[in-house]
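In my numbering, the protein residues as written are 41 to 613.
The following block contains the structure:
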């Protein structure tokens, strides 16, 4: 846990010492009234009490009370500013880290789990650690100072009080073990519930159509029950051991009283000393009782910290090398790749795409077309071989520069819940209004926005759910036009569109691919007849290469696909 805390607090290390210092000062002011009270008691038990001195001490106590309000507010403000600033920096660092991962990271994890790390785990940290720092500082510093003070008065009674500390250790250790044992399953249950709820909301349309909403959606209901069960266990099972540890403290205090009365009867201590231990001895345990609960909460928090550190230490695709390609040809050299271990999706892929030419990828579903496009975009890294742009391995091009080289237009378009204008602007954040409108015009976006009440300022909804497929596709192309990257990846954008929209999209694509190096995933072979090169894939391997005419003459897979599509063109229902 200490390692994790050091790792996380390093994001705001300058403020950490300042916060702890204010907490220590605060703990001094909390303990001070008890010390002042003892001075009054000692004076009152003297043979000739000096009431002037007593009133002076009372006045000092009043001044310290007001000072305590100032110190407490300063301590609280510093502590909260520190922890919320730390959590903000931590979330930004997590966000920056996540964007540098390969898609394999997201494939192996549920979206709900990733969101949970960013939101819930960091919230656990800020909520718990923000309030526990004061208690921990007070317990460590206050208990140490008070123990030394009591040893000065009578080492035997002080030792009797402190004997309770080793006796509670077995109970704390057992509670700690149970929290660590049950904490991770509880967090997993929480993440699973979040994922199932997200799935429920996203699929509500289909669930409604099959009457599977509410109590009928058993998967979601079971996840709620599982979280409830694990949360109750996490709270209830370690609880009795904490209560037992608190009882040990009470027994230790009673033992001290009994020992004090024994010494008093033997005239080995005085009444003021015993009263001192009665007042201060009980205060010795107060911060420790609080910190016992905080310690278990911190132990639970450590599971959240583990998950945060796990993300922060996951290897990224980032490189310190920053080679800049002189041109924009693409070369696959003996590339092999698999999404899963011991499973090959692509094997020994070799092809060359000259700058400002078009390569079409053709093949049956699952042949590896989309995988090749994803590897060019470096959503994944190859297992073997090299992909080069301008003669440079893409792993040696810095990410910030690399993603300036490529634009993608895929069948599945995702738009952010923002305006049409801002969704296009993503292509070039520093673009002028004139540049954005020009891209929108070329992509045939303006042809439908004039019908909308708010025009380009219309909110598109999450994922663009307020727009049609054709409208979303045109916005996607406008975004790519605005970016004006030298390499364009197309997963045939017109495959699922109606004829009217297809015409608009084809016109927009013609604008997009002018003077670009283009890789197109082709479903309709009629759209790639003019491609400079066509690569036919089957089960992750290249089985044919050539132009449209050459491949027709080969009378192999491409010819079969062409004939099937020609026949299908005449089908009617």
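Beta carbons: idealized from backbone N, C-alpha and C, even for Gly.
In the stretch 359-389, which residue ranges form an unbroken beta strand (DSSP E) of at least 3 residues, counting only runs that do not cross its ends? Secondary structure remark: continuous beta strand (DSSP E) runs of at least 3 residues inside the stretch 359-389, in chain order: 370-377.
Residue 236 and residue 260 - do their beta-carbons sit closer together than 8 Å? Cβ atoms of residue 260 and residue 236: closer than 8 Å.
As a quick exercise: from 435, 343 and 330, pick the residue whose alpha carbon is nearest that of residue 357. Measuring from the Cα of residue 357, the nearest candidate turns out to be 435.
Using the Cβ count rule (16 or more neighbours within 10 Å means buried), how would you classify residue 474? Counting Cβ neighbours within 10 Å, residue 474 comes out exposed, since fewer than 16 surround it.
With a Cβ-Cβ cutoff of 8 Å, do residue 425 and residue 366 count as a contact? No, Cβ-Cβ distance for residue 425 and residue 366 is not below 8 Å.
How would you write the range of the beta strand (DSSP E) that residue 530 sits in, first residue to last? First-last of the beta strand (DSSP E) with residue 530: 527-531.
Please report the straight-line C-alpha distance between residue 467 and residue 579, rounded to a whole angstrom. Straight-line Cα distance between these residues: approximately 34 Å.
From the DSSP output, which residues share a beta bridge with residue 392? Paired residue(s): 371.
Would you mind stating whether residue 501 and residue 457 have Cβ atoms separated by less than 8 Å? Taking 8 Å as the Cβ cut-off, residue 501 and residue 457 qualify as a contacting pair.
Reducing DSSP to helix, strand and coil, say where residue 424 ends up. In the three-state scheme derived from DSSP, where H, G and I count as helix and E and B as strand, residue 424 is classed as strand.
To test your reading of the DSSP string, which unbroken beta strand (DSSP E) runs of 3 or more residues are found completely within the stretch 267-301? Fully enclosed beta strand (DSSP E) runs of 3 or longer: not present.
Segments of 4+ residues assigned as alpha helix (DSSP H) that fall wholly inside the stretch 123-202: Fully contained in the stretch 123-202 are the following alpha helix (DSSP H) runs of length 4 or more, in chain order: 143-148, 151-156, 162-177, 183-193 and 195-202.
Under a Cβ-count criterion, where at least 16 other Cβ atoms within 10 Å of its own Cβ denotes burial, should residue 568 be classed as buried or exposed? Buried, since its Cβ has 16 or more Cβ neighbours within 10 Å.
So is residue 2 buried or exposed if we call it buried at 16+ other beta carbons inside 10 Å? No information on residue 2 is available, as it lies outside the stretch 41 to 613 that the chain covers here.
Going by DSSP in three states, residue 498 sits in which element: helix, strand or coil? Looking at residue 498 - three-state DSSP - the assignment turns out to be coil, as it is neither helix nor strand.
Could you work out which residue in 563, 554, 470 and 505 is closest to residue 450 when comparing CA atoms only? Minimum Cα-Cα distance from residue 450 among the listed residues 563, 554, 470 and 505 corresponds to 563.
Do residue 528 and residue 556 count as a contact pair if the criterion is CB distance below 8 Å? Cβ distance < 8 Å, so residue 556 and residue 528 count as in contact.
Any idea what DSSP makes of residue 524, helix, strand or coil? In the three-state reduction of the DSSP assignment, residue 524 falls in the coil class, being assigned neither a helical nor a strand state.
With a threshold of 6 Å on Cβ separation, who are the neighbours of residue 428 within its own chain once the five nearest residues in sequence on each side are excluded? In its chain, beyond the 5 residues on either side, 371 have a beta carbon closer than 6 Å to the beta carbon of residue 428.
Please classify residue 613: does DSSP put it in a helix, a strand, or coil? Low confidence applies here, because residue 613 scores a pLDDT of 45, under 50, leaving its location unreliable; read the following figure in that light. In the three-state reduction of the DSSP assignment, residue 613 falls in the coil class, being assigned neither a helical nor a strand state.
Just grab the DSSP bridge partners of residue 228 for me. Among the bridge pairs identified by DSSP, residue 228 is matched with none.
I believe residue 401 touches residue 561 by the beta-carbon criterion, under 8 Å. Please report the beta-carbon distance rounded to the nearest angstrom. Indeed they touch by this definition, with Cβ atoms about 5 Å apart.
Mind reading off the beta-carbon distance from residue 215 to residue 336? Whole number of angstroms is fine, and I expect it under 8 Å. With 8 Å as the limit, residue 215 and residue 336 qualify as a contact, their Cβ atoms being about 6 Å apart.
Expressed to the nearest angstrom, what Euclidean distance is found between the alpha-carbon atoms of residue 599 and residue 591? Near 7 Å, if we compare the C-alpha coordinates of residue 591 and residue 599.
In angstroms, rounded to a whole number, what distance separates the CA positions of residue 516 and residue 489? Roughly 14 Å separates the two Cα atoms.
For residue 107, which of 384, 161, 73 and 593 has the nearest alpha-carbon? Among 384, 161, 73 and 593, the Cα nearest to that of residue 107 is on 73.
Considering only C-alpha positions, which residue in the set 143, 298, 207 and 553 is nearest to residue 355? In terms of Cα proximity to residue 355, the closest of 143, 298, 207 and 553 is 143.
Just grab the DSSP bridge partners of residue 398 for me. According to DSSP, which records beta bridges pairwise, residue 398 is partnered with 558.
Leaving out five residues before and five after residue 105 in sequence, what residues of the same chain have Cβ atoms less than 8 Å from its Cβ? By the criterion of a C-beta distance shorter than 8 Å, residue 105 is surrounded in its chain by 73, once the five residues flanking it on both sides are discounted.
Could you pull out every residue in the same chain whose Cβ sits closer than 6 Å to the Cβ of residue 397, ignoring the five residues on either side in sequence? The beta carbon of residue 397 lies closer than 6 Å to those of 572 in the same chain, with the five residues before and after it left out.
Go ahead and pull the three-state DSSP assignment for residue 437. It is coil, neither helix nor strand.
Within a Cβ cutoff of 7 Å, which residues of the same chain sit near residue 378, ignoring the five residues on either side of it in sequence? Non-local beta-carbon contacts of residue 378 in its own chain, meaning distances under 7 Å to residues more than five positions away in sequence, involve 384, 385 and 423 in chain order.
Locate the beta strand (DSSP E) running through residue 447, then write down its first and last residues. Note, residue 447: beta strand (DSSP E), 446-449.
Excluding the 5 residues flanking residue 162 on each side, which residues of the same chain have their C-beta closer than 6 Å to its C-beta? Cβ neighbours of residue 162 beyond the five flanking positions: 127, 130 and 131.
Which word fits residue 278, buried or exposed, when buried means at least 16 other C-beta atoms lie within 10 angstroms of its C-beta? Residue 278 comes out buried.
Taking the beta carbon of residue 84 as the centre, do at least 16 other beta carbons fall within 10 Å, making it buried, or is it exposed? By the neighbour-count rule (16 or more Cβ atoms within 10 Å), residue 84 is not buried but exposed.
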